[in-house]
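Number of protein chains: 2
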Amino acid sequence: MSAVEKAQSFVADWRSFPFTVALSGASVAADHVSVAWADGRVSPCHFFWLRDSCPCTECVHAGTREQIFEVQDAPADLHATWVEVDADGQLQVQWSDGHASAYGPGWLRAHVYDDASRLERQAAQRTVRPWLQDLQIASFEYDAVMKDDSVLLAWLHAARDQGLTRIVGMPDDEDVVSTVARRISFLRETNFGVLWEVRTKVEEVNSNAYTALELPHHTDLPTREQQPGLQFLHCLINDATGGDSTFVDGFSIARALREEAPEAFALLSQYAVEFRNKASTSDYRALAPIIGLDARGEVSEVRVANWLRAPFDLPAAQMPAYYAAYRQFSVLTRDPRFIVRRRLEAGQMWCFDNRRTLHARQAFDPASGLRFLRGCYLDRDELLSRIRVLERTVCASPVARFA
Amino acid sequence: MSAVEKAQSFVADWRSFPFTVALSGASVAADHVSVAWADGRVSPCHFFWLRDSCPCTECVHAGTREQIFEVQDAPADLHATWVEVDADGQLQVQWSDGHASAYGPGWLRAHVYDDASRLERQAAQRTVRPWLQDLQIASFEYDAVMKDDSVLLAWLHAARDQGLTRIVGMPDDEDVVSTVARRISFLRETNFGVLWEVRTKVEEVNSNAYTALELPHHTDLPTREQQPGLQFLHCLINDATGGDSTFVDGFSIARALREEAPEAFALLSQYAVEFRNKASTSDYRALAPIIGLDARGEVSEVRVANWLRAPFDLPAAQMPAYYAAYRQFSVLTRDPRFIVRRRLEAGQMWCFDNRRTLHARQAFDPASGLRFLRGCYLDRDELLSRIRVLERTVCASPVARFA
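Quick mapping for you: the protein sequence lines, in order, are chains A and B. Under my numbering, think of the first position of the first sequence as 1239, with each following residue one higher. Under my numbering, think of the first position of the second sequence as 1239, with each following residue one higher.
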């Protein structure tokens, strides 16, 4: 291993920070080290940030590769006394308290926070592809998903970016839905259990989901602080007349609202709404906006189930405008330009992002035949972790078969 | 059942909305029904809000008691044409589209959104009791928790409001930690499994938690979008020298920071930080603020684990101020005025709010004796649901025994 490779791999552990651009120089400024790159970019690295990131074995446990050093133990007036780009291309820093640090150019380039570097990183992380009624649903074969990691990864990329996928060729087995889901990770248990079923119930009707009624577009379990991430829905029997599935992309609807009615978008993303679901042994409530934004102000989820909403509890002055916004949003969830309609046949499974892709069921005639589905949930954390681990080894070649 | 009782119970299902104040009058205004109460309060009920809340059997499914009516199906110019408080004390409303609605005074008083009613409700929901180093930890007997619902409820109230509790008299059984936790609800699985253990490992050291090192105050799994809610930690063997537990109330620290350094508080609650944890089979990342605020701007969680933080990725202009804020916060987590220090003995279990109560472990001498703990997690949703269900039936009499 060359010195440069060594520097690159030092804090890399399971991630790699490949060399992309060379350091061309470094100098000490008032409160930071100014780092210059061969492509002309200049990055300020503030003293505490740089000291906090020191990868030496005094600062990072050699076995666990986790930080031992705590930055509040550095003196408040800490500063760099000397910096240099050495012959191996590393940034060398001598600190006022006697500590010395070295940073590889691969790691440094991946973490510096000048405006250009931040925008570049954020753009790379933006993978969502919004869709409309003409969506080609990404479809994958059960056998291939189970046996081939590259097919698995292609499926998971589609689930993450498109938020609606289908698996075909599922075995006729009541539990196989969890077998496929566990190919990703462990499942998210809820009060429905780990595995649950949808079939028309005559007795014990405690949810509209168990009737033959049309269910409007919704997310499952908006009554939880964190709605389940992926929803898996495996069709074992679908002999009833009616009962087609429809889907709309909540992100597309939020985007349309943001463009066409920015005030409505602002109200729905700003004010929290309570969702409630009560039964004999549970009583769940969650308070969250209908349009959820992430730390960067981008839409990260929608939360919708008309029959589980509590009465809006907002400042009175906002109530008429909020209702207008809610009506606008709801009207869009019925707008044909957004709606994808498909019938799920026996042996097929939907896998969709429950926090993004609203689903609905057309009314069906329970007398016309049986309808039996099994489902489970798995959170986004597990999906994304699995994708990152697969990406370490699989050279992803998309093999989606589009229906 | 009298007509008033009938009105009160109509949409009450598992919740009750007891009659507290009588309606004294109602009138139609430009965009709302103005409702007057016997205690002088006046509540505006906007047309859509009132129509949306209609409890009649056309609007709410009689079996599931969930709403069928969708408010976007009401005409955009919907208005009340006639209102009255009837002889039974109900609000009767006749709508411009021909529909008619009736609302019980108990339900109505519990949901109106004039400023006074909203403040009253919010105050009732504020149950958190922040604590300092002189905390008396609420302590409960295993047998009583398992057998007596009122003890169970007292324990859960303490876990919710104080965020740090202890169970004593635990059987010497490796799995009993889950038996107690399941008295509340199902568990939250993570990549550690459903049940996990803490003992010093010699091989396969992939986390500082499995070393004998001192661990600074932290929350578990800040690398997840939603950190686990309750953490259960059952001590089976503690024969090692050292290794005491310490706790600090993250809400107390956040409050101190808000009072003593409001700019630091603003930075820590505004900017998101990435937490990372990587292993051979998982790679978790979460981006969230260190101080999390709920929809009302109140502190709802803290997210802290110094050794799992990724380098801060913030606008360069904010970096020095952010580091100053982070150092201030970190210094407070070591401040004796906040620290509760206890040794967990064999047969005892901690149960604490992992998103609030930071925990730490003093360094210990692994050669001096064995140390073996078993743990599991359960989310806040399940805790709160269980409390609500117990409150339906248990007349709560607090029986906490304070250590």
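Each residue gets a CB set at the ideal place from its N, CA and C atoms; glycine is no exception.
- Judged by pairs of C-beta atoms under 8 Å, the region 1338-1357 of chain A touches the region 1288-1299 of chain A, as three or more such pairs exist.
- Segment contact: the region 1370-1382 of chain A against the region 1332-1348 of chain A, fewer than three CB-CB distances shorter than 8 Å; contact not assigned.
- Q1310 of chain B belongs to the set of residues whose beta carbon lies under 7 Å from a beta carbon in chain A.
- Annotation: the continuous alpha helix (DSSP H) that includes F1567 of chain B extends over M1557 to L1570.
- Where E1539 of chain A is concerned, the enclosing beta strand (DSSP E) starts and stops at V1537 to V1540.
- At a cut-off of 7 Å between beta carbons, P1500 of chain A makes no contact with chain B.
- For N1592 of chain B, not one C-beta of chain A is nearer than 7 Å to its own C-beta.
- Inter-segment contact for the region 1479-1486 of chain A and the region 1583-1597 of chain A is present: three or more beta-carbon pairs are separated by less than 8 Å.
- Minimum Cα-Cα distance from P1553 of chain B among the listed residues B:G1401, B:L1505 and B:A1312 corresponds to B:L1505.
- Looking at A:S1334, A:L1474, A:L1390 and A:M1587, the one whose alpha-carbon comes closest to that of G1607 of chain A is A:L1474.
- Against W1287 of chain A, the close residues of chain B are P1549, F1550, M1557 and Y1561, in the order they occur along the chain (beta-carbon pairs closer than 8 Å).
- Straight-line measurement puts the Cα of R1514 of chain B at about 26 Å from the Cα of V1418 of chain A.
- Taking a C-beta distance under 7 Å as the contact criterion, V1415 of chain A and R1575 of chain A do not qualify as a contact pair.
- By the criterion of a C-beta distance shorter than 7 Å, L1390 of chain B is surrounded in its chain by V1383, R1421 and L1628, once the five residues flanking it on both sides are discounted.
- In this structure, A:W1545 is the residue among A:W1545, A:T1519, A:Q1464 and A:F1430 with its C-alpha nearest to the C-alpha of H1456 of chain A.
- Interface criterion not met: the Cβ of A1300 of chain A is under 7 Å from no Cβ in chain B.
- For M1384 of chain B, the enclosing alpha helix (DSSP H) stretches over residues Y1380 to K1385.
- Residues of chain A whose Cβ lies closer than 9 Å to the Cβ of F1424 of chain B are, in chain order, E1427, T1428, N1429, G1431 and V1432.
- R1612 of chain B carries a strand assignment under DSSP once its states are collapsed to helix, strand and coil.
- Y1341 of chain B does not reach chain A, its nearest Cβ partner there being about 11 Å away, counting only Cβ pairs nearer than 7 Å.
- DSSP places E1308 of chain B outside both helix and strand once states are collapsed to three, so it counts as coil.
- Burial is judged here by how many other beta carbons sit within 10 angstroms of a residue's own beta carbon; K1385 of chain A has fewer than 16 and is exposed.
- Distances from the CA of A1562 of chain A to each of B:I1405, B:C1297 and B:Q1310 were compared; the closest alpha carbon is that of B:Q1310.
- The residue among B:S1355, B:V1406, B:P1604 and B:I1491 with its C-alpha nearest the C-alpha of V1436 of chain B is B:P1604.
- Against chain B, the CB of Y1615 of chain A has no partner CB under 7 Å away; the residue lies outside that interface.
- For the pair G1263 of chain A and A1362 of chain B, the Cα-to-Cα distance works out to about 60 Å.
- DSSP places R1404 of chain B in the uninterrupted beta strand (DSSP E) bounded by L1402 to V1406.
- L1471 of chain A and L1582 of chain A have their C-alpha atoms spaced approximately 9 Å apart.
- Close CB contacts of A1510 of chain A within its chain, under the 8 Å cut and outside five residues either way in sequence, are with L1525, A1526 and P1527 (chain order).
- Ranked by Cα distance from A1478 of chain B, the first of B:L1316, B:R1609, B:V1569 and B:R1279 is B:R1609.
- Its Cα nearest to that of D1617 of chain B, the residue A:E1463 stands out among A:E1463, A:H1284 and A:S1538.
- A Cβ-Cβ contact shorter than 7 Å links A1543 of chain A with P1460 of chain A.
- Under the three-state reduction of DSSP output, E1512 of chain A falls in the strand class.
- Here F1255 of chain B carries a coil assignment [DSSP, helix/strand/coil].
- Judged by DSSP in its simplified three-state form, P1454 of chain A adopts strand.
- When DSSP reads this structure, P1527 of chain B sits in a beta bridge with B:A1510.
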